[in-house]
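What follows is a single structure, written as structure tokens, with notes after it.
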Amino acid sequence: LAAGVGLADIRTGGELVINGEIPIVTETAAPEHLAGALNTIYSGWVFRTDETRAMQADDFDNPGMLYVEQGIEAFNTAMGTEGNSCASCHENPESLAGVRATYPQWDEAHGEVQTVEMQVIECQTERMGVAEPYGYDSQQMRNMVALIASVGRGQTVNVAMDGPAAEAWELGREIYYTQYGQMELSCAQCHENNYGNLIRADHLSQGQVNGFPTYRLKNANIVSIHNRFRGCIRDTRGEPYAIGSPEFVALELYVASRGNGLTVEGPAVRN
Amino acid sequence: MKRQMLLVAGIALAATSVQADVIAPDDVVMSEYGEVFESLTGAPGDAARGAEIFASRSGGNCLACHAVSALSDQPWHGEVGPVLDGVATRWEEPALRGLLVNADVTFPDSIMPAFYKVSGFTRPGDAFTTRPAPADLQPILEAQQIEDIIAFLMTLTDY
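Following this line, the structure appears as structure tokens:
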């Protein structure tokens, strides 16, 4: 099966430096836990056309940055009964620069693995008195998560998969290798065994999440990690898990850990 | 007008008589090597129609994974599966039928979907709607569509 991998089609060697100042690692040695599966991990950027690649190299050309702007505005706007904005406690978005690279992450107080989205909802409901927090996949949430990713660009992805997170990580791994839907396809069959190959008009990547939320030219908007998972399981003629479900949180943790060593690049540009 | 009605009646008749001979997905008999010797419908396949279903995204979408020179007028041939030029010289008809019914028997854990199978799935959906599959889940392709694709594949004798 590995013989099918069109390594010739992986256009390595390109270099991504955002705004001429943030170097991005688009290709590096795979983390140890992938021994036997992958030697090298690649950012989804590697598999895109020159035009799409170029859009991500400069914030003025990256349409995803418009949503980051909206995130900044929301960050500084008071919400909820306590009269706080995010900035009341977090000073500025840059103070959250380490977040994207280390999430999903175990939360001791809640006894669960939390995604960035869950953490935002936690601050809104438990610290700000917001009665109706952002919906998990709402535009406002995607804007805020895009802001938090953008300030973390260039940081090395390093999610913890051991300790209390191990159980969720194992579940995520199991999901990754399960063949879903009437077409009986697993994430691994497309993104581990066939990256580099064309599947009809789509150039398969390794399905990494370091670029999320990604600006998708096809949607003319930014999309969340869980939305992408949902689309991929839908395409197997399957019934996806719900966005924000424990299964997708576990899968996100596992997939993020497959990218340990790459760098945060959200909002990335993808087709 | 009268002639047309007669024709329609004739087609309807033909359709029902074909229907009666269709082997249901769960009743297909497969050899231990993954061959299916009996036609799924008893009716011969139509190669031209088979080529259309092969390429159609809402049909077999075989082109998503397989390139084939015979369809070079179509854009975007996939690279996930082998190029199918000359495939009729590599496989006999019963083996091709078996591959389409359920490729997993010939190639364990194949990425190639089983096109004539209705049970044994994990979280099957109702096509691409994200809703769960209905109780009477239909195979991805109809029996005659599979026979049509086989007829098309049998024309692929050249490399």
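Just so you know, the sequences run in chain order A and B.
If you count the first sequence from 1, position 218 lands on 655 in my numbering, and the numbers rise without skipping.
If you count the second sequence from 1, position 33 lands on 35 in my numbering, and the numbers rise without skipping.
Glycine included, C-beta positions come from ideal geometry on N, C-alpha and C.
All of these numbers come straight from a predicted model, not from anything done at the bench.
Take T477/A and list the residues in its own chain whose beta-carbon comes closer than 8 angstroms to its own, dropping the five residues that flank it on each side.
-> E464, T465, A466 and A467
Pair every Cβ in the segment 599–611 of chain A with every Cβ in the segment 22–32 of chain B, then say whether three or more of these pairs are closer than 8 angstroms.
-> no
Please classify Q576/A: does DSSP put it in a helix, a strand, or coil?
-> helix
When the Cα atoms are used, what is the spatial distance from A14/B to M156/B?
-> Residue placement at A14/B is poorly supported in this model, since its pLDDT is 45, which falls under 50; the coordinates are not used for a value here.
At a Cβ threshold of 8 angstroms, is P683/A touching chain B?
-> no
Beta-carbon proximity list for M620/A, same chain, < 6 angstroms, skipping 5 on both sides = T673 and R674
Members of the segment 627–643 of chain A near chain B, C-beta cut-off 9 angstroms | C627, N630, N631, G633, N634, L635, I636, R637, A638, D639 and L641
Consult DSSP for P141/B and reduce its assignment to one of helix, strand or coil.
-> coil
Just how far apart, CA to CA, sit M114/B and W482/A?
-> 27 angstroms
Does the Cβ-Cβ distance between G80/B and A66/B come in under 8 angstroms?
-> yes
First and last residue of the uninterrupted beta strand (DSSP E) at R537/A | That residue, R537/A, is in no beta strand (DSSP E); its alpha helix (DSSP H) goes V536 to T539.
Minimum Cβ-Cβ distance from L713/A to chain B less than 8 angstroms = A question about residue 713/A goes unanswered here, because the residues of chain A that appear run from 438 up to 708.
Neighbour flag for A439/A against chain B, beta carbons, 8 angstroms | With a pLDDT of 36 at A439/A, under the threshold of 50, the predicted position of this residue should be treated as unreliable, and no value is reported.
Per the contact definition of three or more C-beta pairs closer than 8 angstroms, is the segment 536–547 of chain A in contact with the segment 505–523 of chain A?
-> no
Taking L453/A as part of the beta strand (DSSP E), name the residues at either end of that continuous run.
-> L453 to I455
Mind checking whether G644/A and R125/B have CB atoms under 8 angstroms apart?
-> no
Cut-off 8 angstroms between Cβ atoms - residues of its own chain near P136/B, not counting five sequence neighbours on either side = D128
Please name the residue, chosen from H68/B, R92/B, N104/B and F109/B, that lies closest to C637/A on a Cα-to-Cα basis.
-> Contrary to the premise, residue 637/A reads as Arg rather than Cys in this sequence. Selected option, being the one with the closest Cα: H68/B.
Indicate whether L584/A and V701/A have their beta-carbon atoms separated by less than 8 angstroms.
-> no
Presumed contact (8 angstroms Cβ cut-off) between P650/A and P704/A, rounded CB distance | 5 angstroms
Taking only the alpha-carbon atoms, compute the straight-line gap between A45/B and I152/B and give it to the nearest angstrom.
-> 12 angstroms
Determine which residues share a DSSP beta bridge with R695/A and list them.
-> In the DSSP output, where bridge partners are listed per residue, R695/A has none listed.
Could you check if V31/B is buried or exposed, using at least 16 other CB atoms within 10 Å of its CB as the buried criterion?
-> exposed
Excluding five sequence neighbours on each side, which residues of the same chain lie with their C-beta closer than 8 angstroms to the C-beta of L73/B?
-> A53, F56, A57, L65 and H79
Using DSSP with H/G/I as helix, E/B as strand and the rest coil, what is H68/B?
-> coil
Of all the options T489/A, E676/A, L688/A and L654/A, which has the alpha carbon lying nearest to the alpha carbon of I662/A?
-> L688/A
C-alpha gap between T593/A and Y632/A, whole angstroms = 22 angstroms
Cβ neighbours of E95/B in the same chain (closer than 7 angstroms, five flanking residues each side left out) = I152 and M156
Quick one: does T489/A have its CB under 8 angstroms from some CB of chain B?
-> no
Reference Q626/A; option with closest CA among V82/B, F117/B, E149/B and V107/B = V82/B
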